[in-house]
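Colleague: If you scroll down you'll find the structure; I have some questions about it.
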Amino acid sequence: MSTMSEYLETLRGKSIAVIGMGVSNTPLLRTLLRADLKVTVCDKAPRERVEEQAAELESLGAKLRLGPDYLVKLHKFDVIFRTPGLSPNTPELRYAAEKGSTLTSEMELFFQLCPCRIIGVTGSDGKTTTTTLISEFLKEAGLNVYLGGNIGRPLLPDVDGMSPEDVAVVELSSFQLMTMDRSPNVAVFTNLSPNHLDYHHTMEEYTAAKMNIFLHQKPEDCAVFNYDNDITRSLSKKASGKVTYFSRQVSLEEKGVCLGPNYPEGQAIWLSNQQGHRLVLPLSDIRIPGVHNIENYMAAIAAVDGIVPDKCVRAVAQRFTGVEHRIELVRELDGVKYYNDSIGTSPTRTMACLDSFNQKLIIIAGGYDKGVPFTQLGMAIVEKVKVLILTGDTAPAIKKAVEEADGYAESGLRIIETEDLVSAVSAAQNAAQKGDVVVLSPACAAFDRFKNFMERGKVFKQLVNNLL
């Protein structure tokens with residue numbers, strides 16, 4: 019491990035390309051340019067779309083390569099920082115690597131320079147809530163915590179201010195993990211199901227990327243796996259560090275986190291380790307709805323075992339009301355509750371949302387096509403939805419999956435197709451009666467109409483709050 023200044027010295031005299039001028043790379047760019055290094059910024063956006071940022075980077079000494087030819091002659095650079103959104107299998111990147119260019123990323127550099135313990139979280143679903151819970155547990159215990167990564171905040175600018183006693187809690191996407199050759203000290207693997215197949219093309223490539231969260235661990239490191247997920251349970255056999263499981267479905271007698279019925283007020287989360295069994299958290303203390311959030315708590319509890327006292331876990335649970343865009347109650351109007359679950363960017367996320375309510379719902383779904391099948395979602399919708407409102411590119415595919423699901427003909431399910439989110443919210447209000455629950459849980463990414471799921475969620479909340 020070296021300091022940032024020592025690393026920057028190794029780059030002096032080299033030609034550097036930074037691909038992408040988005041959120042994750044902006045602090046990196048400023049750091050490189052302030053060190054007076056030779057940096058070219060490559061981005062597919064045309065100049066007119068990024069004029070303000072482009073002008074700032076040029077004022078700091080950067081050269082710009084913008085527009086459709088942004089990857090031309092990439093192999094001429096000595097060092098290339100990849101944006102997570104660009105696959106390392108892109109022909110230009112592969113050719114550059116073959117010609118001797120060093121390929122890296124902001125996250126890989128952070129892992130190289132971070133002086134403190136790192137807890138990393140990945141999975142198809144539940145990453146952000148689990149990462150946030152771990153961070154809250156650690157802060158409640160009095161530790162100095164740095165929270166970031168795929169959750170929205172790059173941590174590289176904080177490296178020089180970190181001490182060995184601190185803890186970095188990092189959400190890691192498959193895009194970030196794909197080329198990682200280091201793993202966190204504690205790795206949490208929440209679950210795995212088909213996702214992002216527009217980017218990875220095959221489930222095998224997607225799985226291989228996720229595995230980097232634990233493949234490079236040392237024997238003294240710890241990896242936490244979802245025992246109930248067939249894929250993660252199987253992958254745990256490849257871990258080189260200590261393995262801990264969490265399970266909502268089975269009792270983990272020897273080592274792990276599971277549910278136990280032996281509590282006067284109902285079920286609770288228990289932890290088993292070498293010291294024996296102990297009750298950590300009554301389920302009645304958890305304020306966020308859904309069995310998937312019980313699993314998120316289990317994963318987070320397993321990650322901080324031996325670091326955070328149980329009383330701190332309970333204190334957080336009793337006040338934590340969730341992360342924005344995750345089954346977030348927006349308002350109640352005329353006896354109808356409206357929830358924002360814009361984070362529902364995959365069928366499994368939306369199915370977990372459906373499981374969080376004890377009544378049939380009015381659901382708004384549809385969005386960008388990631389190449390993920392909707393067969394299982396169609397079955398869940400038939401069982402748990404009374405009105406399905408579709409919008410976005412995937413609307414026809416979701417409708418087809420629902421209509422082909424067993425029980426659809428006799429379900430009484432009503433399907434409404436709309437042009438956009440504005441008309442979808444209006445249709446939901448018109449269809450809803452007192453006591454109904456309306457949820458935006460698209461089962462798809464937002465890129466067909468929005469910049470990301472956060473923008474989609476904010477627009478939905480604004481539309482709902484404007485209803486009369």
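For the sequence shown, the residue numbers in this note's numbering are 19 to 486.
For glycine and all other residues, C-beta sits at the position ideal for the given N, C-alpha and C.
1) Give the secondary structure of Ser429 by DSSP, where H, G and I count as helix, E and B as strand, and everything else as coil.
2) Quick test of your reading: Gly396 and Ala370, contact by CB under 8 Å. State the CB separation rounded to the nearest angstrom.
3) Cα separation between Met229 and Thr101?
4) When you compare each of Val354, Gln394, Tyr386 and Ser459 to Gly453 by their alpha carbons, which one comes out closest?
5) Can you give me the C-alpha to C-alpha distance between Val57 and Lys469, rounded to a whole angstrom?
6) Please determine, among Phe207, Asp239 and Ser258, the residue with the shortest C-alpha to C-alpha distance to Tyr245.
7) Helix or strand or just coil, what does DSSP make of Gly396?
8) For Glu116 and Leu92, which I take to be in contact (beta-carbon distance under 8 Å), what is that distance rounded to the nearest angstrom?
9) Can you tell me whether DSSP reads Ala333 as helix, strand or coil?
10) Using a beta-carbon distance below 9 Å, is Asp143 in contact with chain B?
11) Based on Cα-Cα distance, which residue from Ile434, Asn209, Gly475 and Lys256 lies nearest to Val490?
12) Taking 6 Å as the limit between beta carbons, can you name the residues of its chain near Ala320, skipping five residues before and five after?
13) What residue range is occupied by the uninterrupted alpha helix (DSSP H) comprising Ser12?
14) Which residues mark the beginning and the end of the alpha helix (DSSP H) in which Ile380 is found?
15) Mapping the DSSP letters down to three states, classify Phe95 as helix, strand or coil.
16) So the beta strand (DSSP E) Leu127 belongs to, where does it begin and stop?
17) Which complete beta strand (DSSP E) runs does the segment 218-288 hold, if anything under 3 residues is left out?
18) Does Val334 pass the burial test, meaning 16 or more other C-beta atoms within 10 Å, or should it be called exposed?
19) Measuring straight from C-alpha to C-alpha, what distance separates Ile310 and Gly118?
20) Would you kindly report the start and end of the unbroken beta strand (DSSP E) that includes His295?
21) Return yes when the Cβ of Gly138 is within less than 9 Å of the Cβ of Leu190, no when it is not.
22) To the nearest angstrom, how far is it from the Cα of Gly362 to the Cα of Ile380?
23) Could you work out which residue in Tyr88, Ala423, Leu75 and Lys81 is closest to Pro64 when comparing CA atoms only?
24) Starting from the C-beta of Gln336, find all residues in its chain whose C-beta is less than 6 Å away, skip the five residues before and the five after it, and write them out in chain order.
25) State the start and end residues of the unbroken alpha helix (DSSP H) segment that holds Asn358.
26) Sort Gly385, Glu313 and Val400 by Cα distance to Gln377 and report the nearest one.
27) For Val440, which three-state DSSP category applies?
28) To the nearest angstrom, how far is the alpha carbon of Glu271 from that of Leu277?
29) I'd like the list of long-range same chain contacts for Ala398, defined as Cβ closer than 6 Å, with 5 residues on each side in sequence excluded.
30) Would you call the CB atoms of Ile407 and Ala446 closer than 9 Å?
31) If you count every other CB in all the chains shown that lies within 10 Å of the CB of His219, and 16 or more means buried, which is it?
32) With which residues is Asn291 paired in a DSSP beta bridge?
33) Rounded to whole angstroms, how far is the Cβ of Leu82 from the Cβ of Leu75, which I believe are closer than 8 Å?
Modeller: Put simply:
1) The residue labelled residue 429 in the question sits at position 411 within the sequence shown. Ser429: helix per DSSP, three-state reduction.
2) Looking up residue 396 in the sequence shown gives position 378. Looking up residue 370 in the sequence shown gives position 352. About 16 Å; that fails the 8 Å criterion.
3) On the sequence shown, position 211 is the one that residue 229 refers to. On the sequence shown, position 83 is the one that residue 101 refers to. Whole-angstrom Cα-Cα distance: 20 Å.
4) Along the sequence shown, one-based indexing puts residue 453 at 435. Nearest to Gly453 by C-alpha distance, out of Val354, Gln394, Tyr386 and Ser459, is Val354.
5) One-based indexing of the sequence shown puts residue 57 at position 39. One-based indexing of the sequence shown puts residue 469 at position 451. If I take the Cα positions, the gap works out to 27 Å.
6) One-based indexing of the sequence shown puts residue 245 at position 227. Here the closest residue by C-alpha is Phe207.
7) For the purposes of this step, residue 396 is identified with residue 378 of the sequence shown, where counting begins at 1. Per DSSP, reduced to three states, the secondary structure at Gly396 is helical.
8) Residue numbering aside, residue 116 sits at position 98 when the sequence shown is read from its first letter. Residue numbering aside, residue 92 sits at position 74 when the sequence shown is read from its first letter. Not confirmed; about 11 Å, so no contact.
9) Indexing the sequence shown from 1 puts residue 333 at position 315. Helix.
10) No chain B appears in this structure, which consists of one protein chain only.
11) The requested residue 490 does not occur in the structure, where the chain is confined to residues 19 to 486.
12) Stepping through the sequence shown from its first residue, residue 320 is reached at position 302. If we look at Ala320 and ignore the five residues flanking it on each side, its Cβ neighbours are Val242, Thr262, Phe264 and Val275.
13) Limits of the chain in this structure are 19 at one end and 486 at the other, which puts residue 12 out of reach.
14) As a working note, residue 380 is residue 362 in the sequence shown. Premise fails: Ile380 lies in the beta strand (DSSP E), Leu379 to Ala383, not in any alpha helix (DSSP H).
15) For the purposes of this step, residue 95 is taken as the residue at position 77 of the sequence shown. Phe95: coil per DSSP, three-state reduction.
16) Numbered from its first residue, the sequence shown carries residue 127 at position 109. Leu127: not part of any beta strand (DSSP E); member of the alpha helix (DSSP H) spanning Glu124 to Leu131, first to last residue.
17) 240-244, 260-265 and 274-278
18) Within the sequence shown, residue 334 is the residue found at index 316, counting from 1. Under this definition Val334 is a buried residue.
19) The residue given as residue 310 occupies position 292 in the sequence shown. The residue given as residue 118 occupies position 100 in the sequence shown. The question names Ile, but residue 310 is His in the sequence shown. Rounded to the nearest angstrom, the two C-alpha atoms are 45 Å apart.
20) Here residue 295 refers to the residue found at position 277 when the sequence shown is read from its first residue. Counting along the chain, the beta strand (DSSP E) containing His295 begins and ends at Gly294 to Pro300.
21) By one-based count along the sequence shown, residue 190 stands at place 172. By one-based count along the sequence shown, residue 138 stands at place 120. It is a contact, given that the beta carbons lie within the stated cut-off.
22) In the sequence shown, the residue the question calls residue 362 occupies position 344. In the sequence shown, the residue the question calls residue 380 occupies position 362. About 15 Å.
23) Walking along the sequence shown from the start, residue 64 turns up at place 46. The residue with the shortest Cα to Cα distance from Pro64 is Tyr88.
24) If you number the sequence shown from 1, residue 336 lands on position 318. Closer than 6 Å at Cβ, skipping near neighbours: Asp303.
25) On the sequence shown, position 340 is the one that residue 358 refers to. It is not in any alpha helix (DSSP H) - Asn358 instead sits in the beta strand (DSSP E) that spans Val354 to Asn358.
26) Walking along the sequence shown from the start, residue 377 turns up at place 359. Of the listed residues, the one whose Cα sits closest to Gln377 is Val400.
27) Residue 440 sits at position 422 when you count from the first residue of the sequence shown. Correct three-state label for Val440: helix.
28) On the sequence shown, residue 271 is found 253 positions in, with the first residue counted as 1. On the sequence shown, residue 277 is found 259 positions in, with the first residue counted as 1. Looking at the two C-alpha atoms, the distance is approximately 11 Å.
29) Working through the sequence shown from its first residue, we reach residue 398 at position 380. For Ala398, where only same-chain residues beyond five positions count, the Cβ hits under 6 Å are Met369 and Leu372.
30) Counted from its first residue, the sequence shown places residue 407 at position 389. Counted from its first residue, the sequence shown places residue 446 at position 428. Between Ile407 and Ala446, the CB-CB gap stays under 9 Å.
31) Residue numbering aside, residue 219 sits at position 201 when the sequence shown is read from its first letter. His219 comes out exposed.
32) Stepping through the sequence shown from its first residue, residue 291 is reached at position 273. The partner list for Asn291 (beta bridge, DSSP) reads Gly294.
33) Against the sequence shown, residue 82 aligns to sequence position 64. Against the sequence shown, residue 75 aligns to sequence position 57. Confirmed, Cβ separation roughly 7 Å.
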